[in-house]
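Going down the list, the sequences are from chains A and B. Quick note on the numbering used here: the first sequence kicks off at 886 and runs consecutively. Quick note on the numbering used here: the second sequence kicks off at 886 and runs consecutively. For glycine and all other residues, C-beta sits at the position ideal for the given N, C-alpha and C. Values in this document were obtained by computation on a predicted structure and should not be read as measured data. What follows is a set of notes on a single structure, which appears directly below.
2 protein chains.
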Amino acid sequence: MAGVDPGRVLNDLQELARRTGGAGGAKRLAWTDGWRHARRLLRERLGEIGLACDEDEAGNLWATLPGVSSERLVLGSHLDSVPAGGPLDGALGVFAALEVLRALAEADEFPATTVALVDWADEEGARFGHSLFGSSAVTRALDPDAVRELVDADGNGLAPVLADHGVDLDRIGTELESGLAEAFAYLELHIEQGPVLEAEGVPVAAVSGTVGVERFTLRFEGAAAHAGSTPMEMRADALLAAAATALEVEAIARRHGGRGTTGTLEVRPGALTVVPASAELGVDLRHEAAEELESMRTEVLAAAAGFAAGRGCRVEETAIWSAVPTAFDPDLVERVRVAAAAAGGREAPLPSGALHDATMVARVLPTAMVFCPSRGGISHSPEEHTDEADIRAAVAVFGEVALELASGGVGCALPSRRRRTK
Amino acid sequence: MAGVDPGRVLNDLQELARRTGGAGGAKRLAWTDGWRHARRLLRERLGEIGLACDEDEAGNLWATLPGVSSERLVLGSHLDSVPAGGPLDGALGVFAALEVLRALAEADEFPATTVALVDWADEEGARFGHSLFGSSAVTRALDPDAVRELVDADGNGLAPVLADHGVDLDRIGTELESGLAEAFAYLELHIEQGPVLEAEGVPVAAVSGTVGVERFTLRFEGAAAHAGSTPMEMRADALLAAAATALEVEAIARRHGGRGTTGTLEVRPGALTVVPASAELGVDLRHEAAEELESMRTEVLAAAAGFAAGRGCRVEETAIWSAVPTAFDPDLVERVRVAAAAAGGREAPLPSGALHDATMVARVLPTAMVFCPSRGGISHSPEEHTDEADIRAAVAVFGEVALELASGGVGCALPSRRRRTK
Chain A
886 MAGVDPGRVL NDLQELARRT GGAGGAKRLA WTDGWRHARR LLRERLGEIG
936 LACDEDEAGN LWATLPGVSS ERLVLGSHLD SVPAGGPLDG ALGVFAALEV
986 LRALAEADEF PATTVALVDW ADEEGARFGH SLFGSSAVTR ALDPDAVREL
1036 VDADGNGLAP VLADHGVDLD RIGTELESGL AEAFAYLELH IEQGPVLEAE
1086 GVPVAAVSGT VGVERFTLRF EGAAAHAGST PMEMRADALL AAAATALEVE
1136 AIARRHGGRG TTGTLEVRPG ALTVVPASAE LGVDLRHEAA EELESMRTEV
1186 LAAAAGFAAG RGCRVEETAI WSAVPTAFDP DLVERVRVAA AAAGGREAPL
1236 PSGALHDATM VARVLPTAMV FCPSRGGISH SPEEHTDEAD IRAAVAVFGE
1286 VALELASGGV GCALPSRRRR TK
Chain B
886 MAGVDPGRVL NDLQELARRT GGAGGAKRLA WTDGWRHARR LLRERLGEIG
936 LACDEDEAGN LWATLPGVSS ERLVLGSHLD SVPAGGPLDG ALGVFAALEV
986 LRALAEADEF PATTVALVDW ADEEGARFGH SLFGSSAVTR ALDPDAVREL
1036 VDADGNGLAP VLADHGVDLD RIGTELESGL AEAFAYLELH IEQGPVLEAE
1086 GVPVAAVSGT VGVERFTLRF EGAAAHAGST PMEMRADALL AAAATALEVE
1136 AIARRHGGRG TTGTLEVRPG ALTVVPASAE LGVDLRHEAA EELESMRTEV
1186 LAAAAGFAAG RGCRVEETAI WSAVPTAFDP DLVERVRVAA AAAGGREAPL
1236 PSGALHDATM VARVLPTAMV FCPSRGGISH SPEEHTDEAD IRAAVAVFGE
1286 VALELASGGV GCALPSRRRR TK
């Protein structure tokens, strides 16, 4: 059979942008009409190859192309976007999956395995603050009670908005039939959302897994004092304790080969003539290795305590969120790596610093991802862009690995069916 | 003649607190009824010794006790407070000046010189943002056009509010007859508003002058980036450039024996998962020596430029305000120093890190100040406090020097009449 045609994916993305994009960026926020419009295009394209769609209890959209075996390869990503989002984040992976189904549908024979496309619901969490909604639900990682009371910026509750889209939170917990049943592998193409591939000048890479995250705030408490009349040695300046800690977060991240970001810093009382009484620093630490991540966190807390004590301040940590590192399936990652390298892509797999639906799926199923470059590392913005040649190369690699898996493999056996638990 | 009686000053302050204080702190905001109530008490007390008050074109309140010579000693401070202010800031100096007039009025003879009390209008600038209003007007440092458009938090304009209090901005510029005409010296008692005297355990000190101030913001511009997917070495983190600069401001201030404060830091976009694109740091530098202050500023700007460049950021300075250092009159300062030291106070004069009406007056007249301790260095707060024994000691020193000057001096001649220009 013929391979995939990346040109058709580019055409689909153009049509998607025509319907849901424009000057203000992508308007495909989950649980809105813009998202419905995007899904309508997907339904139309699936209809053209004779495939119908089903939505599961969590709002995920599925289409299935039967194969000789009922064992299923699952391909997917997400059509939802942040407000004023980019043209490729999520959508590229969905239409690349569609293209695999199209190529298989045009072939003379059924594929060896069944192949399913999934468009995960509300990956971004941009409206209600809970990302990876649909993939969390399917992998039983979502607690309906933990999200029931969420409201959007306009005060709309999550539960009634979901009900408008035919999703019942209670049925997610009890009746969801997972489209992952009988699946043996999950594959997802996504833009990198970082600057590494562009800087290296490569069009495509395998992804080794997603990093673990420790996210917390450090609240430093010192004492307000008059900027003019308080000698330097009689101060307890909370901002300076936080500033020293922010610089140390960077040093610790570099030392461990991870990432450490201090994206927020709020100073009180925040007056030019008053020594800051308090400063709250937001910290986000990431690493692919759990033990390294834990060491980073320990070192940051020790540094904060030391800087606070040295200035007569106190410091208190408040945990915000954490996620354990997720390594993708070594065999699948190796398949992608070989295909990517052969296409002029990166020799070594790249860890993903962002979470993806694949992070959730990897908890229950052998999983791998394909990355293509993001210009300037920019995503979640109308500026988001990947050169057409890179999109073509990445879709080709994704298609090659997917078709190989669907055909029972060329030179390598199907991955054994494994299920992981958290 | 007898000296001053500090107990009467304590009684006056108690009565002032009864009328304009309370649980929420002092309520003597300039150009409000609370301020009028405070001035009414002062008028009553002056009336008890047969003195009437005049308000000049800038709203300053004057009372004059005639002497043998028409050359005048001027004593004063301010009755206005910040909202929820302390019981002593300004008021202590006004009622100490009143006590000098009382002591002179009770004497059998006219004093050698005329003695005037002044309650400066709107020292704090807490309502319209322009401090030292009345003393600036009298010393011709106030440009009426520069304040004409000021509004308070409720949208009231300065000009109509002043008109309600009989003050016409245009007359300030053209018709103000200065109460400082024929003055040969100005003396002011004030709380320190800093922690030095308390820490040293002394009740009173002479003030050598007020520091110069350089106040500006530094806006660092880097690049927003994804906290997870952007390697540490590919970032342009504006917050970290600002953090390094804040720590260097402290180091520079220590090195020069001045004061350096970074009281504000605003981070954009201010999200936990985004490397900061911009950070605006507020800097306040102070020193008694103009050349040291200029060196501090130069070093801070060089450090900021270096930290920005090292991180691929840009930095831009915006000047906010500056004031040149003001040294008080050496002869007058020495008189106060001798009297303070003899009363168990500080041997050496202390520079004031805050500005005072005396800073303005010193531009045109030999000036000195007396400080007493502030518990915890706290002012502009209902917590503001000075122990009664320290108030007694400071009022006694202030009274001793004032009466000596009014009597033509004991063992030291009157300061020669000098006028300084800026």
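- At a Cβ-Cβ threshold of 7 Å, VAL1096 (chain B) and ARG1171 (chain B) count as neighbours.
- Chain order gives no chain B residues near ALA1233 (chain A), where near means a beta carbon separation below 9 Å; the closest approach is about 14 Å.
- Around PRO1029 (chain A), the same chain offers LEU1054, ASP1055, ILE1057, GLY1058 as residues with beta carbons nearer than 8 Å, after the five sequence neighbours per side are excluded.
- Beta-bridge analysis with DSSP links ILE1076 (chain A) to A:CYS1257.
- Between the alpha carbons of GLY1040 (chain A) and ALA1189 (chain A) lies a distance of about 37 Å.
- For PRO891 (chain B), the closest Cβ of chain A is not nearer than 7 Å.
- Residue pairing for GLY1097 (chain B): DSSP places it in a beta bridge opposite B:HIS1172.
- For the set A:ALA1110, A:VAL1046, A:GLY975, the Cα lying nearest the Cα of SER1264 (chain B) is the one of A:ALA1110.
- By the neighbour-count definition (other C-beta atoms within 10 Å, threshold 16), VAL1209 (chain A) is an exposed residue.
- In this structure, the beta-carbon distance from GLU1067 (chain A) to SER955 (chain A) falls below 7 Å.
- Bounds of any alpha helix (DSSP H) do not take in THR949 (chain B); it lies within the beta strand (DSSP E) bounded by 946-950.
- By the criterion of a C-beta distance shorter than 6 Å, GLY909 (chain A) is surrounded in its chain by ALA969, once the five residues flanking it on both sides are discounted.
- ARG1120 (chain A) and THR949 (chain B) have their C-alpha atoms roughly 43 Å apart.
- Annotation for ILE1205 (chain A): the continuous beta strand (DSSP E) segment containing it runs 1199-1208.
- Put simply, the CB of GLU933 (chain B) is far from chain A, with every gap to its CB atoms at 7 Å or more.
- By the criterion of a C-beta distance shorter than 7 Å, HIS1141 (chain B) is surrounded in its chain by HIS1172, GLU1177, SER1180, MET1181, once the five residues flanking it on both sides are discounted.
- Distance from the Cα of LEU1027 (chain A) is smallest, within the candidate group A:LEU1150, A:ALA1233, A:ARG921, A:ASP1242, for A:ASP1242.
- Counting of Cβ neighbours within 10 angstroms places ASP1272 (chain B) among the exposed residues, the total staying below 16.
- Inclusion of CYS1257 (chain A) and VAL1081 (chain A) in the CB contact set at 7 Å is not warranted, their separation being larger than that value.
- Counting along the chain, the unbroken beta strand (DSSP E) around ASP1004 (chain A) starts and ends at 998-1004.
- Put simply, the backbone Cα of ALA1225 (chain A) is about 8 Å away from that of ALA1279 (chain A).
- Rounded to whole angstroms, LEU931 (chain B) and LEU983 (chain B) show a C-alpha spacing of 7 Å.
- Only buried fits GLY1143 (chain A), as 16 or more other CB atoms lie within 10 angstroms of its CB.
- Within its own chain, the residues whose Cβ lies closer than 6 Å to the Cβ of PHE1105 (chain B), once the five positions on either side in sequence are excluded, are ALA1123, ALA1126, ALA1127, ALA1164, ALA1193, CYS1198, VAL1200, listed in chain order.
- In this structure ALA1281 (chain A) is buried. Its beta-carbon is surrounded by 16 or more other beta-carbon atoms within 10 angstroms.
- Exposure of GLN899 (chain A) is indicated by the presence of fewer than 16 other C-beta atoms within 10 angstroms of its C-beta.
- The bridge partners DSSP lists for ALA1212 (chain A) are A:GLY1094.
- Between the region 1218-1234 of chain B and the region 1036-1050 of chain B there are fewer than three inter-stretch CB-CB distances shorter than 8 Å, so the stretches are not counted as touching.
- Close partners of PRO1080 (chain B) in chain A (Cβ separation under 7 Å): THR1115, MET1119.
- Taking 7 Å as the CB threshold, GLY1148 (chain B) lines the interface with chain A.
- Shown here for ALA1174 (chain A): same chain residues with a beta carbon closer than 7 Å to its own, the five before and five after excluded, namely PRO1210 in chain order.
- Listed in chain order, the non-local C-beta contacts of LEU958 (chain A) below 6 Å within the same chain comprise THR998, VAL1000, ALA1070, LEU1290, ALA1291, local neighbours out to five positions each way being set aside.
- At a Cβ-Cβ threshold of 7 Å, PHE1018 (chain B) and ALA1006 (chain B) count as neighbours.
- Listed in chain order, the non-local C-beta contacts of ALA1022 (chain A) below 7 Å within the same chain comprise ALA943, ILE1057, LEU1061, local neighbours out to five positions each way being set aside.
- Considering only B:SER966, B:ASP939, B:GLU1099, the residue with the shortest C-alpha distance to GLY1113 (chain A) is B:GLU1099.
- For ALA1204 (chain A), same chain residues with a beta-carbon under 6 Å away, outside a window of 5 residues either side, are PHE1101 in chain order.
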